[in-house]
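To start, the structure itself, in C-alpha cells.
Here's what the structure looks like:
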C-alpha cells in the first residue's frame with residue numbers, strides 16, 4: 228500500500244480520512260454484492276485476499 232501521508236492534507240485528520248476511506252470501500256463492496264450476487268462476490272474477495280497476502 229502507498230503511504231497515506233501523500234494524500235492526506237494536514238488539516239484533515241487521519242481519523243476522518245480513515246472514516247471516508249472505509250465508507251467508500253463499504254459502498255463499493257455493497258454495490259458489488261448487489262451487482263454480482265453473493266457467491267460471485269465472495270469468490271472475488273477470496274481471490275483478492277489471496278493475491279494481496
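Numbering (my numbering), first residue to last: 228 to 280.
Idealized CB from N, CA, C, for every residue including glycine.
Which listed residue (the options) has its alpha carbon closest to that of residue i
{"i": "residue 252", "options": "272, 278 and 277", "result": "272"}
C-alpha distance - residue i paired with residue j, whole-angstrom precision
{"i": "residue 274", "j": "residue 261", "result": "18 angstroms"}
{"i": "residue 257", "j": "residue 270", "result": "15 angstroms"}
{"i": "residue 242", "j": "residue 248", "result": "10 angstroms"}
{"i": "residue 266", "j": "residue 244", "result": "31 angstroms"}
{"i": "residue 277", "j": "residue 263", "result": "20 angstroms"}
{"i": "residue 240", "j": "residue 250", "result": "15 angstroms"}
Beta-carbon proximity check, residue i vs residue j, cutoff 8 angstroms
{"i": "residue 268", "j": "residue 254", "result": "no"}
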